[in-house]
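Peer 1: In terms of my numbering, the sequence shown opens at residue 47 and continues consecutively.
Think of the CB as a built atom: it goes at the ideal place given N, C-alpha and C, for glycine as much as any other residue.
Let me give you the structure first, and then I'll get to my questions.
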Amino acid sequence: MVNDNQPINVVWFKRDLRTQDHAALAAACLAGLPVLPLYIVENEYWKQPDTSARQYAFIHDCLVELRDDLLRSGQALIVRQGDAVSILARLHRQHRIAGLFAHEETGNDWTFARDKAVAAWARQSGVAFHEFSQNGVIRKLKTRDGWARCWDATMLQPQTPAPLLTPLAEAGFPVDPGIIPTAQDLNLKYDFCKVRQQGGRKAGLMQFDQFLTVSGLPYRRAMSSPSLGALHCSRLSTHLAYGTLSVREVTQAALARMVELKTDYSLNAAQWHAVMTSFVSRLHWRDHFTQKLENQPSIEFEALHPHLRNRDNRSAHQATLLAWQNGTTGVPFVDACMRSLHETGWLNFRMRAMQMSFASHLLDLPWRETGLHLARQFTDYEPGIHWSQVQMQSGLTGINTIRIYNPIKQGLEHDKDGAFIRRWVPELRHAPLIFLHDPWSEDSLIDARSTIYPKPIITVTDAMRHARERLHAPRKGAAFHSAADAIQTKHGSRKAGLPSPQQLKRANNPRSGVEARSQKDLFD
Numbered sequence: 047m048v049n050d051n052q053p054i055n056v057v058w059f060k061r062d063l064r065t066q067d068h069a070a071l072a073a074a075c076l077a078g079l080p081v082l083p084l085y086i087v088e089n090e091y092w093k094q095p096d097t098s099a100r101q102y103a104f105i106h107d108c109l110v111e112l113r114d115d116l117l118r119s120g121q122a123l124i125v126r127q128g129d130a131v132s133i134l135a136r137l138h139r140q141h142r143i144a145g146l147f148a149h150e151e152t153g154n155d156w157t158f159a160r161d162k163a164v165a166a167w168a169r170q171s172g173v174a175f176h177e178f179s180q181n182g183v184i185r186k187l188k189t190r191d192g193w194a195r196c197w198d199a200t201m202l203q204p205q206t207p208a209p210l211l212t213p214l215a216e217a218g219f220p221v222d223p224g225i226i227p228t229a230q231d232l233n234l235k236y237d238f239c240k241v242r243q244q245g246g247r248k249a250g251l252m253q254f255d256q257f258l259t260v261s262g263l264p265y266r267r268a269m270s271s272p273s274l275g276a277l278h279c280s281r282l283s284t285h286l287a288y289g290t291l292s293v294r295e296v297t298q299a300a301l302a303r304m305v306e307l308k309t310d311y312s313l314n315a316a317q318w319h320a321v322m323t324s325f326v327s328r329l330h331w332r333d334h335f336t337q338k339l340e341n342q343p344s345i346e347f348e349a350l351h352p353h354l355r356n357r358d359n360r361s362a363h364q365a366t367l368l369a370w371q372n373g374t375t376g377v378p379f380v381d382a383c384m385r386s387l388h389e390t391g392w393l394n395f396r397m398r399a400m401q402m403s404f405a406s407h408l409l410d411l412p413w414r415e416t417g418l419h420l421a422r423q424f425t426d427y428e429p430g431i432h433w434s435q436v437q438m439q440s441g442l443t444g445i446n447t448i449r450i451y452n453p454i455k456q457g458l459e460h461d462k463d464g465a466f467i468r469r470w471v472p473e474l475r476h477a478p479l480i481f482l483h484d485p486w487s488e489d490s491l492i493d494a495r496s497t498i499y500p501k502p503i504i505t506v507t508d509a510m511r512h513a514r515e516r517l518h519a520p521r522k523g524a525a526f527h528s529a530a531d532a533i534q535t536k537h538g539s540r541k542a543g544l545p546s547p548q549q550l551k552r553a554n555n556p557r558s559g560v561e562a563r564s565q566k567d568l569f570d
């Protein structure tokens with residue numbers, strides 16, 4: 047039986063692939079009409095230069111599980127493939143949509159344009175479009191004053207429980223659930239990611255529980271190491287990026303663990319409490335950086351500081367770019383990190399920062415091209431965090447400390463025994479430890495004929511010197527400082543209050559920075 051009179055509500059799932067703490071789903075169910083839960087696989091999105099098969103493969107896992115979760119609640123997920131406006135218009139003709147319910151998304155420029163097109167279609171079609179925040183990011187924010195307090199209050203709000211749905215067939219709306227296409231079905235470029243994280247809420251909950259009770263204890267000292275970080279960081283970044291877990295439920299669980307630890311007098315209780323404190327701080331910074339893209343979408347394409355935009359549209363030296371992308375620069379720790387990223391889809395924050403700094407400063411590659419490559423490699427690609435960090439590590443914000451990482455020093459500090467390099471750069475597996483981090487130094491005994499590992503495409507010390515000269519030159523003069531002050535006012539943290547004039551002065555010194563404390567491990 048088909049219902050020709052009663053309209054329906056549609057819940058449009060995007061980066062919120064869960065039923066728990068899902069404000070849009072809860073509101074649609076409370077509205078009293080049959081609810082059609084919808085996910086749209088958008089072909090054009092997967093043609094964008096920052097997308098990849100590894101990202102979609104994770105989403106595919108999530109969709110399969112979400113369909114089952116919704117079915118247990120009463121109605122399976124409906125999946126359609128194509129253009130969002132066209133699919134919504136077709137559903138409106140078939141079933142008459144009264145309300146469209148969705149979470150706000152701070153995505154790339156393509157999704158921003160898509161959301162505006164959907165909103166315009168809804169207005170023209172007489173469909174009420176209800177959008178809800180699912181994190182601490184505030185749409186149409188006027189000032190950063192008080193933002194941190196708002197974030198705290200948002201994280202303490204009650205979670206919405208997973209609702210029950212009326213089966214559409216019982217309500218007179220027979221709907222084909224549709225297939226969930228694979229990456230191959232979408233003709234996505236083959237993307238070898240051998241040990242990609244599994245998607246879905248169950249995997250996320252298991253990972254989080256492991257972090258809270260077992261693996262997270264060495265978190266604070268392990269997070270800087272690419273090998274230890276993979277074992278002891280929360281590894282929730284991908285689950286938060288695609289919303290199998292909400293930021294609020296993760297924050298509340300960590301806060302509850304902190305309360306529990308206050309009455310725990312076991313040996314490691316104090317250390318665990320410090321871990322939870324650090325972790326919640328990073329959840330805060332996660333939304334702080336996403337807020338920047340929400341406020342200024344152009345940072346995906348142009349330098350935040352207007353005086354630093356003269357290098358935005360340069361072309362990359364292709365041989366140099368390929369060497370960096372393929373992990374064949376001849377700098378062992380850099381290459382090991384890139385090769386690890388290729389196979390796992392994840393890298394700890396410090397090494398992400400080093401990769402971006404190395405590409406922008408030492409190799410003098412254009413930040414947009416290198417940023418796109420990293421975006422494709424990250425299974426946990428979150429545009430708001432990613433482009434804010436790309437700009438920060440490339441020295442384009444005008445308000446942050448310029449960080450020119452020495453990759454040899456980083457390797458010596460975070461891979462002391464060389465195990466990480468030997469694993470990911472097997473050409474050097476037999477190299478003596480004393481030469482492993484800099485195999486082509488003048489004192490090295492390594493014979494070029496005994497290894498296929500390439501000689502470095504740069505001399506690190508020379509490249510660092512040239513980078514400092516190039517980066518510091520534009521940062522002189524009142525006009526640069528004035529523009530930096532405006533950026534700080536618009537985007538800077540207020541966690542410790544507005545910066546004093548002395549702090550702003552230090553921010554314009556390339557050796558200091560108002561937001562230096564924001565160099566947190568946001569991806570961990």
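Taking only the alpha-carbon atoms, compute the straight-line gap between residue 167 and residue 131 and give it to the nearest angstrom.
Peer 2: The alpha-carbon atoms of residue 167 and residue 131 are separated by roughly 7 Å.
Peer 1: Taking the DSSP output, what are the residues bridged to residue 125?
Peer 2: Its beta-bridge partners are 85.
Peer 1: Note down the Cα distance separating residue 402 from residue 138, rounded to an integer number of angstroms.
Peer 2: Their Cα atoms are separated by approximately 45 Å.
Peer 1: Take every Cβ of the region 396-414, pair it with every Cβ of the region 432-440, and state whether three or more of those distances are shorter than 8 Å.
Peer 2: Output reads yes: the region 432-440 touches the region 396-414.
Peer 1: Closer than 8 Å is the cut-off here; do at least three beta carbon pairs connect the region 289-297 with the region 256-266?
Peer 2: Counting Cβ pairs under 8 Å, fewer than three are found: no touch.
Peer 1: Mind checking residue 478: buried by the 16 CB within 10 Å criterion, or exposed?
Peer 2: Exposed, since its Cβ has fewer than 16 Cβ neighbours within 10 Å.
Peer 1: Check residue 175 in the structure and name its three-state DSSP category.
Peer 2: Of the three classes helix, strand and coil, the one that applies to residue 175 here is strand, per DSSP.
Peer 1: Among 228, 179, 250, whose alpha-carbon lies nearest the alpha-carbon of residue 87?
Peer 2: Checked all of 228, 179, 250; the closest Cα to residue 87 is 228.
Peer 1: Exposed or buried, what is residue 446 when buried is set at 16 or more other beta-carbons lying within 10 Å of its beta-carbon?
Peer 2: It counts as buried.
Peer 1: Tell me which residues share the same chain as residue 84 and place their Cβ nearer than 6 Å to its Cβ, disregarding the 5 neighbours each side in the sequence.
Peer 2: So the qualifying residues of the chain are 56, 58, 124.
Peer 1: On a CA-only basis, which of 448, 194, 92 is nearest residue 334? Give me that one, please.
Peer 2: Nearest of 448, 194, 92 to residue 334, Cα basis: 194.
Peer 1: Considering only residues of the same chain and omitting the five flanking positions on each side of residue 562, which have a CB-CB separation below 6 Å?
Peer 2: Low local confidence applies: a pLDDT of 36 at residue 562 is under 50, so the model's placement there is unreliable, and no value is given.
Peer 1: I'd like to check one pair, residue 458 with residue 423: are the Cβ atoms closer than 8 Å?
Peer 2: No. Outside cutoff.
Peer 1: Helix or strand or just coil, what does DSSP make of residue 148?
Peer 2: Of the three classes helix, strand and coil, the one that applies to residue 148 here is strand, per DSSP.
Peer 1: Could you tell me the boundaries of the beta strand (DSSP E) in which residue 58 lies?
Peer 2: Note, residue 58: beta strand (DSSP E), 54-59.
Peer 1: Do you know offhand how far residue 148's Cα is from residue 165's?
Peer 2: One C-alpha to the other measures close to 11 Å.
Peer 1: Look at the Cβ atom of residue 105, then the Cβ atom of residue 236, and state whether they are nearer than 8 Å.
Peer 2: No, the Cβ-Cβ distance between residue 105 and residue 236 is not below 8 Å.
Peer 1: Determine whether the beta carbon atoms of residue 52 and residue 79 lie at a separation below 8 Å.
Peer 2: Against a cut-off of 8 Å, the Cβ pair of residue 79 and residue 52 comes out as a contact.
Peer 1: DSSP three-state label for residue 503, please.
Peer 2: Correct three-state label for residue 503: coil.
Peer 1: Output needed for residue 377: all residues of its chain with C-beta closer than 6 Å, excluding positions within five of it in sequence on either side, in chain order.
Peer 2: Hits under 6 Å: 453, 502.
Peer 1: Give the single residue among 277, 329, 185, 311 whose Cα lies nearest to the Cα of residue 342.
Peer 2: For residue 342, the nearest C-alpha among the options comes from 185.
Peer 1: Given that a residue counts as buried once 16 or more other Cβ atoms are within 10 Å of its Cβ, and exposed if not, what is residue 394?
Peer 2: Buried is the call here.
Peer 1: By the DSSP assignment, the alpha helix (DSSP H) with residue 390 in it spans what residues?
Peer 2: Counting along the chain, the alpha helix (DSSP H) containing residue 390 begins and ends at 378-390.
Peer 1: If you count every other CB in all the chains shown that lies within 10 Å of the CB of residue 153, and 16 or more means buried, which is it?
Peer 2: That one is buried.
Peer 1: Within 8 Å, do at least three Cβ pairs link the region 364-384 to the region 467-486?
Peer 2: Yes: the two stretches touch, three or more of their Cβ pairs being nearer than 8 Å.
Peer 1: Which whole-angstrom value describes the C-beta separation of residue 428 and residue 290, a residue pair presumed to lie in contact below a C-beta threshold of 8 Å?
Peer 2: In fact, because the Cβ distance is near 14 Å, the residues do not count as touching under 8 Å.
Peer 1: Assuming residue 239 is part of the alpha helix (DSSP H), what are its boundary residues?
Peer 2: Note, residue 239: premise wrong, no alpha helix (DSSP H); not H, not E.
Peer 1: When DSSP builds the beta bridges, which residues end up paired with residue 143?
Peer 2: Answer is 54.
Peer 1: Once you ignore the five residues that flank residue 189 on each side, which residues in its own chain have a CB closer than 6 Å to its CB?
Peer 2: Closer than 6 Å at Cβ, skipping near neighbours: no residue.
Peer 1: Can you grab the Cα-Cα spacing for the pair residue 319 / residue 284, in whole Å?
Peer 2: For residue 319 and residue 284, the distance between alpha carbons rounds to 24 Å.
Peer 1: Would you check if there are 3 or more beta carbon pairs closer than 8 Å linking the region 405-414 to the region 264-271?
Peer 2: No, the region 405-414 is not in contact with the region 264-271.
Peer 1: Just verifying my parser: in three-state terms, what is the DSSP assignment at residue 427?
Peer 2: Three-state result, residue 427: coil.
Peer 1: By DSSP, does residue 487 sit in helix, in strand, or in coil?
Peer 2: It is coil, neither helix nor strand.
Peer 1: If you compare alpha carbons, which of 357, 449, 419, 450 is closest to residue 412?
Peer 2: Among 357, 449, 419, 450, the Cα nearest to that of residue 412 belongs to 357.
Peer 1: Do you know how far the Cα of residue 92 is from the Cα of residue 544?
Peer 2: Confidence at residue 544 is low in this model, with a pLDDT of 31, below 50, so its placement is unreliable and the value that follows should be read with caution. Cα-Cα distance, rounded: 41 Å.
Peer 1: Closest to residue 230 by C-alpha separation, out of 89, 523, 508, 126, would be which residue?
Peer 2: Closest by alpha carbon: 89.
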